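Student:
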Amino acid sequence: MDETTAVREPVDLRSDTVTMPSDRMREAAANAPVGDDVYGEDPSVNDLEATAAEVLGTEAALYLPSGTMANQTAARVHTERGQEAIVETESHVVRYENAGFAQHSGVQIRPVDAGDRAVPSAAQVADAVIADDLHRPGTGLLCLENTHNAKGGLVATPDAIAAAAEAAHDRDVPVHLDGARLANAAVAADVPLSAFAAHVDSVSLCLSKGLGAPVGTVLAGSEAFVATARGVRKLLGGGMRQAGLIAAPARLALTENVARLADDHANANRLAAGIDGLDGLRAPARRRTSCSLTRPSRQSTPRRSSSAARTRASSGARSAPRRSVFAPTSTSTRRRSRRRWSGSRRSSSDRVAPRGSSTASGGGGGNRRRRTR
Ligand SMILES: Cc1ncc(COP(=O)(O)O)c(C=O)c1O
256 MDETTAVREP VDLRSDTVTM PSDRMREAAA NAPVGDDVYG EDPSVNDLEA
306 TAAEVLGTEA ALYLPSGTMA NQTAARVHTE RGQEAIVETE SHVVRYENAG
356 FAQHSGVQIR PVDAGDRAVP SAAQVADAVI ADDLHRPGTG LLCLENTHNA
406 KGGLVATPDA IAAAAEAAHD RDVPVHLDGA RLANAAVAAD VPLSAFAAHV
456 DSVSLCLSKG LGAPVGTVLA GSEAFVATAR GVRKLLGGGM RQAGLIAAPA
506 RLALTENVAR LADDHANANR LAAGIDGLDG LRAPARRRTS CSLTRPSRQS
556 TPRRSSSAAR TRASSGARSA PRRSVFAPTS TSTRRRSRRR WSGSRRSSSD
606 RVAPRGSSTA SGGGGGNRRR RTR
């Protein structure tokens with residue numbers, strides 16, 4: 256059979272979660288030094304967590320089995336039972352996490368429609384925050400998502416994240432970033448991952464979505480946040496024992512595969528251009544990191560000319576040398592974020608002490624005053 260008649264393996268485009276571990280990852284798993292991670296004794300997990308913290312520019316990081324558990328853990332650490340969490344209407348925590356904020360944290364969702372943006376504007380955040388009074392529970396969390404999954408991988412810039420986060424911080428509300436695909440955002444925006452993480456109090460990053468790791472998500476933040484999150488992970492049943500077998504390949508996802516997302520984006524743009532060339536189909540023109548199809552009505556939407564489609568495809572494929580997504584943010588940005596961790600508005604221990612604990616903040620838990628219920 257020659258090239259043109261050979262039957263090729265189809266490319267599975269259902270989801271970036273179907274990516275497979277490479278041979279190097281399988282080797283890393285086979286050779287990983289392991290220990291009991293619930294005791295903090297697994298060197299491969301410790302190595303992954305240190306690498307993730309370095310890459311994200313945070314003080315610490317925690318390895319969890321899934322992105323869902325990372326979001327749920329963050330909500331549980333940041334909020335008090337009964338509070339509200341501001342979230343984008345179509346975000347993953349609203350659509351696909353089984354009302355986990357309500358179930359695990361007793362938190363009510365306040366959805367905000369960001370329209371054609373990935374994250375709400377500062378004004379929307381400011382409007383959505385409610386004060387804690389006789390009738391209302393107060394806002395306990397702003398949860399952002401980047402890239403925005405349900406909007407086709409729409410990217411929020413670090414400035415957009417910063418604006419929304421600042422509006423929340425100004426009102427004493429902590430911010431979690433669901434960064435399941437933050438690596439896609441970093442590659443698309445050509446900035447280091449830390450450029451996003453610097454503005455929020457916690458950030459998750461999935462290593463098994465498009466990056467080839469067999470299992471796992473990292474959740475990063477201050478040392479105090481991660482210490483509390485470690486306890487919540489155990490509570491949720493996410494304490495793992497000899498997890499180095501999956502952490503060692505997951506580390507390679509972070510160190511070797513992030514930059515390769517640029518190839519995925521170029522391929523997605525190529526595919527979009529090809530689709531635009533087909534009668535009756537159109538790929539959305541906005542800047543997204545994954546491709547979804549729409550079938551335009553013939554009357555209202557003229558088919559894009561194939562030359563325009565080609566132009567779009569070639570501009571999507573980057574040829575210029577790229578800045579490393581691992582490059583640290585400037586020292587001043589880091590210092591600013593550290594100051595925030597250590598709490599100019601409130602102490603970091605106030606913000607992250609486990610609910611119901613009698614630790615660092617002298618019995619004060621969550622991010623607001625303790626309430627009786
Ligand atoms: C934005 C976002 N957050 C969180 C998750 C949950 O990840 P997991 O499937 O690992 O629980 C997903 C899954 O696709 C996602 O798209």
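Sequence positions in the sequence shown follow the numbering used here and run 256 to 628.
Glycine included, each C-beta is placed from N, C-alpha and C at the ideal position.
All values derive from a computational prediction rather than experimental measurement.
Taking Cβ positions, are VAL442 and ALA411 nearer each other than 8 Å?
Tutor: no
Student: Who are the near neighbours of ALA369 in its chain, counting only those whose CB is closer than 6 Å to its CB and skipping five residues on each side?
Tutor: GLU343, PRO375
Student: Any contact between the stretch 269-287 and the stretch 424-431? By contact I mean 3 or more CB pairs, one from each, below 8 Å.
Tutor: no
Student: Where SER463 and ALA508 are concerned, what is the direct C-alpha to C-alpha distance, given to the nearest angstrom?
Tutor: Distance between the alpha carbons of SER463 and ALA508 is about 8 Å.
Student: Where does the unbroken beta strand (DSSP E) through ASP433 begin, and where does it stop?
Tutor: 430-433
Student: Apply the 10 Å Cβ neighbour rule to THR586 and answer buried if 16 or more other Cβ atoms are within range, or exposed otherwise.
Tutor: Any reading at THR586 must be qualified, since the residue scores a pLDDT of 37, below 50, and its modelled position is unreliable; the value itself is stated next. Label assigned to THR586: exposed.
Student: Do the CB positions of MET324 and GLY467 come within less than 8 Å of each other?
Tutor: no
Student: Taking only three categories from DSSP, how would you classify PRO447?
Tutor: If DSSP states are grouped into helix, strand and coil, PRO447 belongs with coil.
Student: So, with DSSP's three-state summary, where would you put LEU466?
Tutor: Secondary structure at LEU466: coil, using DSSP grouped into helix, strand and coil.
Student: To the nearest angstrom, how far is it from the Cα of ILE501 to the Cα of ASP297?
Tutor: 11 Å
Student: In terms of DSSP beta bridges, what is ILE364 paired with?
Tutor: ALA340
Student: Considering just the uninterrupted stretch of the beta strand (DSSP E) at SER459, what are its terminal residues?
Tutor: 457-461
Student: Go to GLU400, then tell me how far its alpha helix (DSSP H) extends in each direction, as first and last residue.
Tutor: Here GLU400 belongs to no alpha helix (DSSP H); instead the beta strand (DSSP E) covers 394-400.
Student: Compute the minimum distance between the beta carbon of THR272 and the heavy atoms of ligand 1, and state whether it is under 7 Å.
Tutor: yes
Student: Is the beta carbon of GLY312 sitting closer than 8 Å to the one on ALA453?
Tutor: yes
Student: Give me the DSSP bridge partner(s) of GLY476.
Tutor: ALA315, SER457
Student: Does the distance from the C-beta atom of GLU304 to that of LEU317 stay below 8 Å?
Tutor: yes
Student: Give me the residue from GLY493, SER346, GLY465 with the minimum Cα distance to ALA514.
Tutor: Out of GLY493, SER346, GLY465, GLY465 has the C-alpha closest to the C-alpha of ALA514.
Student: Where PRO504 and ASP388 are concerned, what is the direct C-alpha to C-alpha distance, given to the nearest angstrom?
Tutor: Note on geometry: alpha-carbon atoms of PRO504 and ASP388 lie some 49 Å from one another.
Student: Please classify VAL273 as buried or exposed, where buried requires at least 16 neighbouring CB atoms within 10 angstroms.
Tutor: exposed
Student: Cβ-heavy atom distance between ALA523 and ligand 1 below 7 Å?
Tutor: Remark: the shortest separation between the CB of ALA523 and any heavy atom of ligand 1 does not fall under 7 Å.
Student: Tell me where the alpha helix (DSSP H) around ASP382 begins and ends.
Tutor: Its alpha helix (DSSP H) spans residues 377-383.
Student: Can you give me the Cβ contacts of ALA381 inside the same chain, cut-off strictly under 6 Å, excluding the 5 residues immediately before and after it?
Tutor: ALA422
Student: Should ASN439 be listed as close to ligand 1, given that the test is whether its C-beta is under 7 Å from any heavy atom?
Tutor: no
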